[in-house]
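Participant: The structure's right below; bear with me while I get my questions together.
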Amino acid sequence: MATTVLIGAQWGDEGKGKIIDVLSAQADWVVRYQGGNNAGHTVEIGRERFILHLIPSGILHPACRCIIGHGVVVDPLALLLELDGLRERGVDPAGRLFVSDRAHVVLPFHRLLDEQRELARTGGPLIGTTKRGIGPAYGDKASRVGLRMADLVAPNLPSLLRPRLEEQNRILAALGAPAMDAAAIEADYRAAAARLAPFVADTLPLLNDAVARGESVLFEGAQGTMLDIDYGTYPFVTSSNATAGGACTGSGIPPNRIDRVVGVIKAYTTRVGEGPFPTELKDEAGAWLRDSGQEFGATTGRPRRCGWFDAVIARHAVMINGVNWWAVTKLDVLDTVETIRLCTAYECDGRRLEHVPADARFLERCRPVYEDFGGWQCPTRDATRFQDLPKRARAYVARLEELTGVPVGLLSVGPRRESTIWLKPAGEKP
Ligand code: GDP
Ligand code: IMO
Ligand code: MG
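Take the position in the sequence shown, starting the count at 1, then add 2; the result is the number in the numbering used here.
Here it is, written out as structure tokens:
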């Protein structure tokens, strides 16, 4: 049995939800460790399509227990909506979903401040956030003024909430935004607390005892390496550590208990929101990729920016996360492309770059160095074994391995569970 950390290696939306669903069939526990309901993880089972935002995707496997770790910021109202949505569809998380009492709570003013920043009312660059209040909630955590799930379910919640609401109303007034109705918010959060109390637990012993018993644990990363607050294209990033290290700090599992890291990577690249994206296709080829790959945000519905595979950021992800093997998704989207391009390095001011630079403004000026790859131009969706794939598709996979130095363990050729190909010898199951 093993502990596996699964991370996104690009700018999010790599298909982590689908891969988590496939791997959860073997997992006893699935744990979210960072982010919040800015995430949107899609799982397609038969004709059903689920989009999970806060609840780990493993919840769709009835035998799987799930943890929302303390590194996650939890919007209680959004969590209740998600719980209700799942129950309506016959999935009952009761008794197998645990929310860390140390997790910080997203409050209404976090969402409002997120919006105000996006309206450029507070200065600074536009990030194109999901407006779920994620940045301000992590900001309060770092400033040591946040409320945690333990506070939410405590009897003295009003005495903790009221001064914060009053303070934030003064800030909103200064920004010219309407004030919040403190009494109504208190009532909403008390009602939410009553419903969420049965899920709130000290997840540290729960998780560590499970690992000590040899149970299999899957850590479900949200966002992706290039959106990580430290390793991504700062400031065009999210506010948490989406990389593998976050699994330890955000769940309480020690680093020496992690057995492997799986990186999820699309066969091309997408990004939602602002910020540099060297291989972006701003022409009809990008629009074609967006339509063919159905690249629209699972959380906000925004069209995703699309471009070619970028081996520079993939190698960046390998270095930071220590990826043992790749799960490559959306290979099928490239089925009809005549010439596929692969970015192998960047060029800027006549210099060749092999690494992602720290400065987003500098990255903005980098141009991709491409190699062209003849496409396979036939369908891959029905393939269930690697040898069923067209020769050029197999060669593309081999080229991704060469360019990144990491083997491919799993290939995804469609959104559903069945459209998955395990590769040997890297394709060990957790
Ligand atoms: P996540 O945030 O990483 O979980 O990814 P999203 O769910 O936001 O976006 C991935 C999208 O691609 C979803 O609509 C999935 O159903 C879909 N998807 C996942 N794997 C594949 C695949 O191999 N082929 C195709 N065509 N779609 C896929
Ligand atoms: P999953 O888990 C793609 C992006 C936003 C914005 C930036 C900051 O589905 O892969 P935030 O609301 O976090 O403050 O926004 O990060 N972003 C995502 N992009 N997938 C996600 O999650 C994302 N979560 C946040 O678009 O650019
Ligand atoms: Mg997503």
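Just so you know, even glycine gets a beta-carbon here, dropped at the ideal spot from N, CA and C.
Pick out whichever of Gln225, Val213 and Gly48 has its Cα sitting closest to the Cα of Val74.
Facilitator: Nearest C-alpha to Val74: Gln225.
Participant: Which of helix, strand or coil does DSSP assign to Pro432?
Facilitator: Low per-residue confidence applies at Pro432: pLDDT is 45, beneath 50, and the placement is therefore not dependable enough to give any value.
Participant: Quick check on the burial criterion: 16 or more other C-beta atoms within 10 angstroms. Buried or exposed for Glu16?
Facilitator: Looking at its Cβ environment, which holds 16 or more other Cβ atoms inside 10 Å, Glu16 is buried.
Participant: Ignoring anything shorter than 3 residues or poking outside the segment 11–76, list the beta strand (DSSP E) runs there in chain order.
Facilitator: Taking only runs of at least 3 residues, the beta strand (DSSP E) segments lying wholly in the segment 11–76 are 31–34, 43–47, 50–54 and 67–70.
Participant: Around the ligand MG, which residues pass a check of Cβ closer than 5 Å to any of its heavy atoms?
Facilitator: That gives Asp15, Gly42 and Ala300.
Participant: What first and last residue would you give for the beta strand (DSSP E) that runs through Pro392?
Facilitator: Run containing Pro392: none; DSSP gives neither H nor E here.
Participant: Judging by CA-CA distance, which residue of Thr240, Gln12 and Asn39 is the nearest neighbour of Cys308?
Facilitator: Ranking the options by Cα distance to Cys308, first place goes to Gln12.
Participant: Would Thr338 be called buried (16 or more neighbouring beta carbons within 10 Å of its own) or exposed?
Facilitator: The residue is exposed, with fewer than 16 neighbouring Cβ atoms inside 10 Å.
Participant: Taking only heavy atoms of the ligand IMO into account, decide whether any of them is closer than 6 Å to the Cβ of Val274.
Facilitator: Yes, the Cβ of Val274 comes within 6 Å of a heavy atom of the ligand IMO.
Participant: For Arg353, tell me which candidate among Arg363, Arg369 and Glu50 has the shortest Cα-Cα distance.
Facilitator: Closest option to Arg353, Cα to Cα, is Arg369.
Participant: When the Cα atoms are used, what is the spatial distance from Met321 to Ile315?
Facilitator: Computed Cα separation, rounded: 10 Å.
Participant: Check Leu425 in the structure and name its three-state DSSP category.
Facilitator: Of the three classes helix, strand and coil, the one that applies to Leu425 here is coil, per DSSP.
Participant: Go ahead and pull the three-state DSSP assignment for Tyr372.
Facilitator: In the structure shown, Tyr372 sits in a strand (DSSP, three-state: E or B).
Participant: Go through its chain and collect everything with a Cβ distance to Glu356's Cβ below 6 Å, but skip five positions before and after it.
Facilitator: Same-chain partners within the cutoff: Ala347.
Participant: Less than 8 Å between the CB atoms is what I'm expecting for Ile9 and Ser414, so what's the real figure, rounded?
Facilitator: Contact flag wrong, Cβ pair sits at about 16 Å.
Participant: Does DSSP put Ile231 in a helix, a strand or coil?
Facilitator: If DSSP states are grouped into helix, strand and coil, Ile231 belongs with coil.
Participant: If you run the structure through DSSP and keep just helix, strand and coil, what is Ala4?
Facilitator: If DSSP states are grouped into helix, strand and coil, Ala4 belongs with coil.
Participant: For Ser242, is the classification buried or exposed, using 16 other Cβ atoms within 10 angstroms of its Cβ as the cut-off for buried?
Facilitator: Buried is the call here.
Participant: Measuring straight from C-alpha to C-alpha, what distance separates Leu425 and Pro409?
Facilitator: When rounded, the distance between both Cα atoms is 9 Å.
Participant: Below 6 Å CB to CB, which residues in the same chain sit around Ile53 once its five sequence neighbours on both sides are set aside?
Facilitator: Around Ile53: Gly42, Thr44 and Ala300.
Participant: State yes or no: is the C-beta of Asn40 nearer than 6 Å to some heavy atom of the ligand IMO?
Facilitator: Yes, since a heavy atom of the ligand IMO falls inside the 6 Å radius drawn around the Cβ of Asn40.
Participant: Quick check on Pro432: buried or exposed, where buried means 16 or more other Cβ atoms within 10 Å of its Cβ?
Facilitator: Any answer about Pro432 is weak, because its pLDDT of 45 lies below 50 and its placement is not dependable; what the coordinates show is given next. The residue in question, Pro432, is buried, as its Cβ has 16 or more Cβ neighbours within 10 Å.
Participant: Helix, strand or coil for Tyr270? Go by DSSP, reduced to three states.
Facilitator: If DSSP states are grouped into helix, strand and coil, Tyr270 belongs with coil.
Participant: Do Ala244 and Leu336 have their C-beta atoms within less than 7 Å of each other?
Facilitator: No, the Cβ-Cβ distance between Ala244 and Leu336 is not below 7 Å.
Participant: Taking the continuous beta strand (DSSP E) assigned at Gly309, which residues delimit it?
Facilitator: Here the beta strand (DSSP E) through Gly309 covers Arg307 to Gly309.
Participant: Opposite Ala329 in the DSSP bridges: which residues?
Facilitator: Ala329 pairs with Val266 and Leu412.
Participant: Quick one: what's Ser102 bridged to in DSSP?
Facilitator: The partner list for Ser102 (beta bridge, DSSP) reads Ala203.
Participant: Under the rule that 16 or more other beta-carbon atoms within 10 Å means buried, what is Lys332, buried or exposed?
Facilitator: It is buried - the Cβ of Lys332 has at least 16 other Cβ atoms within 10 Å.
Participant: Judging by CA-CA distance, which residue of Leu229, Leu79, Glu46 and Leu405 is the nearest neighbour of Arg418?
Facilitator: Comparing Cα positions, the closest option is Glu46.
Participant: Does DSSP classify Thr346 as helix, strand or coil?
Facilitator: Correct three-state label for Thr346: strand.
Participant: Taking only heavy atoms of the ligand IMO into account, decide whether any of them is closer than 6 Å to the Cβ of Leu229.
Facilitator: Checking every heavy atom of the ligand IMO against the Cβ of Leu229, one is found closer than 6 Å.
Participant: Using beta-carbon positions only, say whether Ala139 and Val108 come within less than 7 Å of one another.
Facilitator: Cβ atoms of Ala139 and Val108: closer than 7 Å.
Participant: Under 7 Å Cβ to Cβ from Arg367, same chain only, skipping five residues before and after it: list those, please.
Facilitator: Here the set comprises Cys350.
Participant: Do Gly87 and Leu229 have their C-beta atoms within less than 7 Å of each other?
Facilitator: Cβ distance not < 7 Å, so Gly87 and Leu229 don't count as in contact.
Participant: Grab the span of the alpha helix (DSSP H) containing Glu84 for me, first residue to last.
Facilitator: Looking at the DSSP string, the run of the alpha helix (DSSP H) that includes Glu84 is Pro78 to Glu90.
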